[in-house]
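J.: Chains as they are written, first to last, in our numbering: chain Z, 1 to 303; chain U, 304 to 451.
Below you will find the structure I want to go over with you.
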Amino acid sequence: MTAEFLTEAKTGDRRSLARTLSAIENRTLRLDEALAVLGPVPIPEDGNWQTLAITGAPGVGKSCLLDGLLTSWAKQGLRVAVLAVDPSSPRTGGALLGDRVRMTVVDDKALNQQIYLRSVATRKASGSVPVIVEDMTKVLLSLGWEKVVIETVGAGQSEVRCAALADRIVVVEGPARGDGIQAEKAGLLELADAVLVNKSDLPGAELHADEIRESFELGIGSTPPVALTSALHGTGIDEAATVLLALPSSGRSVRARWRERLLAFHERKILESPKLDDLLHQLAKGSIDLDEAISLIGAFADE
Amino acid sequence: MSEPWRIVVAKPGLDGHDRGAKVVARALRDAGNEVIYTGLRRSAQQIVDTVRDEDARFLGLSSLSGAHQHLFPRVCDLLKQEGLNDVIVFGGGIIPVDDRDALFACGIRAIFGPGTPTSEILQFIEEAVQVENSGVGEASDWYWTSSA
């Protein structure tokens, strides 16, 4: 049965593609099993990226902006898949996945064959999200999607870690996001290969872009491009799409990204361990304390 | 823990009232499901594309415009055409009782009117997955009898 939707997915059937991704997400199908049928992940041409993360604070206009970028890329004939990551409630495990609301390109009959959009919830119990997103990305690439964009809210550790999986990271900023010192603070901006200051129609956007540029120039290594866009009015989008398509790695964050990826695999080991539920249960009962639990987790993480 | 259900909540046609759809989406989310909300004024084809690409198990349609007799069957037909026969479809909004049998005949498994407790929709979800062949294009003639 597994093989059936996999072979169908290979023929380009969208539903089978969706099912394959669900199977990966639900851990009923392993990546190596999928790739055995689908074929290997293509090796990127020298210097070109295959995966791009778009991240930034809630409300800066990531989805609208991405919609514009996708339209621009699709018009050039590229086939682009999007994994839109949204947080699950830590309390109930439920999620409201609303990124589609802002995506008009999936409704454009001339272009929607070249765009695949899939909403992904971070979930709570099924293991480490970033690793799942990485597996889903590989499935999409092996099925001939030329570029995979990962859209995340840059709010939590798992979302940042998702972004760190990508070949390039684009941080979306907006005007009126604090004074110059905010741009100096450590965080997401340090990982950026490019920054788009969206809502450029609003006052303060130019100033904010300048502050970010200044901040980058104080650092070492090459400075990532900082561009202004207005997703609302469509200004700067095609230009940004061109810049991003040829975006080189800034090289600033290579080490930080490897760190995130190592952590993701470490976390996966813990989260997928059958002992985890047992340990949590014992902790809740009070039969072991946190130190004991940590040493037990340490024991199997090294296995 | 079992995996959460993926549920698309959609507003077909020219209808700007989405308070009900949002309340239902929120209730489904709080019950631990992954809810994909389409936003307003979607065509039948857009909704079916979303269900396909998101690999949804359920589709909830909301209509307060009076056009449900046209839009709901259209969505069901397209789902069947695309081979999405196992998707379980339910609806809600301003849908007179007299109109409902025709919708059940299309394969819609529940219609919830104003005043339905959200807990009832969750009960429906639980029961519908137990019923054999409850998908929109499947053989069962089962449907949920709602309180409103």
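Using N, Cα and C, we set each Cβ at its ideal position, and we do this for glycine too.
Find the residues of chain Z that neighbour U:G438, judging by a C-beta separation of less than 9 Å, and give them in chain order.
T.: Chain Z residues near U:G438: none, gap ~13 Å exceeds 9 Å.
J.: Buried or exposed: which applies to Z:N112, given that a residue is buried once 16 or more other Cβ atoms fall within 10 Å of its Cβ?
T.: buried
J.: If the cut-off is 8 Å on Cβ atoms, which residues from the region 71-101 of chain Z count as contacting chain U, listed in chain order?
T.: S88, S89, T92, G93, G94, A95, L96, L97, G98, R100 and V101
J.: State yes or no: is the beta carbon of Z:D327 nearer than 9 Å to at least one beta carbon in chain U?
T.: Residue 327 of chain Z is absent from the structure shown; chain Z starts at 1 and stops at 303.
J.: Pick helix, strand or coil for U:P376, following the three-state DSSP scheme.
T.: helix
J.: Pop quiz: U:V338 and U:R332 are said to be a contact at Cβ under 8 Å. What is the actual Cβ separation, rounded to whole angstroms?
T.: Contact between U:V338 and U:R332 is confirmed by a C-beta separation of about 5 Å, below the 8 Å threshold.
J.: If we define contact as Cβ-Cβ less than 9 Å, is U:M304 a contact residue for chain Z?
T.: Confidence at U:M304 is low in this model, with a pLDDT of 44, below 50, so its placement is unreliable and no value can be given for it.
J.: State yes or no: is the C-beta of U:V312 within less than 9 Å of the C-beta of U:A334?
T.: no
J.: Going along the chain, which residues of its own chain have a beta-carbon closer than 6 Å to the beta-carbon of U:F427, five neighbours each way excluded?
T.: A413 and W447
J.: Considering Cα atoms alone, identify which of Z:A293, Z:P274 and Z:K275 is closest to Z:L283.
T.: Out of Z:A293, Z:P274 and Z:K275, the CA that lies nearest to the CA of Z:L283 is found in Z:A293.
J.: Curious, which full-length alpha helix (DSSP H) runs of at least 4 residues does the region 334-408 of chain U contain?
T.: 347-356, 371-384 and 400-408
J.: Using the Cα positions of Z:A164 and Z:W258, report the straight-line distance between them to the nearest angstrom.
T.: 8 Å
J.: What in chain Z is Cβ-close to U:L387, meaning under 9 Å?
T.: R15
J.: Got a sec: is the Cβ-Cβ distance from Z:N198 to anything in chain U below 9 Å?
T.: no
J.: Taking a Cβ distance cut-off of 7 Å, strictly less, list which residues of the region 421-446 of chain U are near chain Z, in chain order.
T.: none
J.: If we ignore side chains and look at the alpha-carbon of each, how far apart do Z:S119 and Z:L65 end up?
T.: 17 Å
J.: Between Z:S63 and chain U, is the shortest Cβ-Cβ distance under 9 Å, so that the two count as touching?
T.: By this cut-off, Z:S63 is not an interface position.
J.: Would you call the CB atoms of U:T419 and U:S449 closer than 9 Å?
T.: Cβ distance < 9 Å, so U:T419 and U:S449 count as in contact.
J.: Is the shortest distance between the beta-carbon of U:P307 and the beta-carbons of chain Z less than 9 Å?
T.: At least one chain Z Cβ lies under 9 Å of U:P307.
J.: Determine the extent of the alpha helix (DSSP H) in which U:V432 is found, giving its start and end residues.
T.: Element bounds for U:V432: T421 to Q433.
J.: Spatial neighbours of Z:H208 within its chain, please: C-beta separation below 6 Å, excluding the five flanking residues on both sides.
T.: P175 and V197
J.: Between the alpha carbons of Z:L271 and U:Y340, how many angstroms are there, rounded?
T.: 29 Å
J.: List the residues of chain Z whose Cβ lies closer than 7 Å to the Cβ of U:Q349, in chain order.
T.: D107
J.: Alpha carbon to alpha carbon, what distance is there between Z:A166 and Z:T55?
T.: 11 Å
J.: Count the other CB atoms, across all protein chains shown, that sit within 10 Å of the CB of Z:E45; report buried if there are 16 or more and exposed otherwise.
T.: Z:E45 is exposed by the Cβ-count criterion.
J.: How is Z:E45 classed by DSSP in three states: helix, strand or coil?
T.: coil
J.: Would DSSP call Z:S230 helix, strand or coil?
T.: strand
J.: From the DSSP output, which residues share a beta bridge with Z:L52?
T.: Z:V149 and Z:R168
J.: Within the 9 Å Cβ cut-off, does U:A324 reach chain Z?
T.: no
J.: Run through DSSP, which three-state label would U:V327 get?
T.: For U:V327, the three-state secondary structure derived from DSSP is helix.
J.: Consider the Cβ of Z:R123: report whether some Cβ of chain U lies at a distance smaller than 9 Å.
T.: yes
J.: Given that Z:R19 touches chain U, what residues does it touch there, using C-beta distances under 7 Å?
T.: Those are D358, listed as they occur along chain U.
J.: For the 8 Å Cβ check, are there 3 or more pairs between the region 211-219 of chain Z and the region 94-108 of chain Z?
T.: no
J.: So Z:S119 contacts chain U; which residues on that side make the cut at Cβ distance below 8 Å?
T.: Those are E337, I339 and E357, listed as they occur along chain U.
J.: Which residues, in chain order, does the region 137-169 of chain Z contribute to contact with chain B at a C-beta distance below 9 Å?
T.: Of the chains in the structure shown, none is chain B; the protein chains are Z and U.
J.: For Z:Q114, count neighbouring Cβ atoms within 10 angstroms of its own Cβ and tell me buried if that reaches 16, exposed if not.
T.: buried
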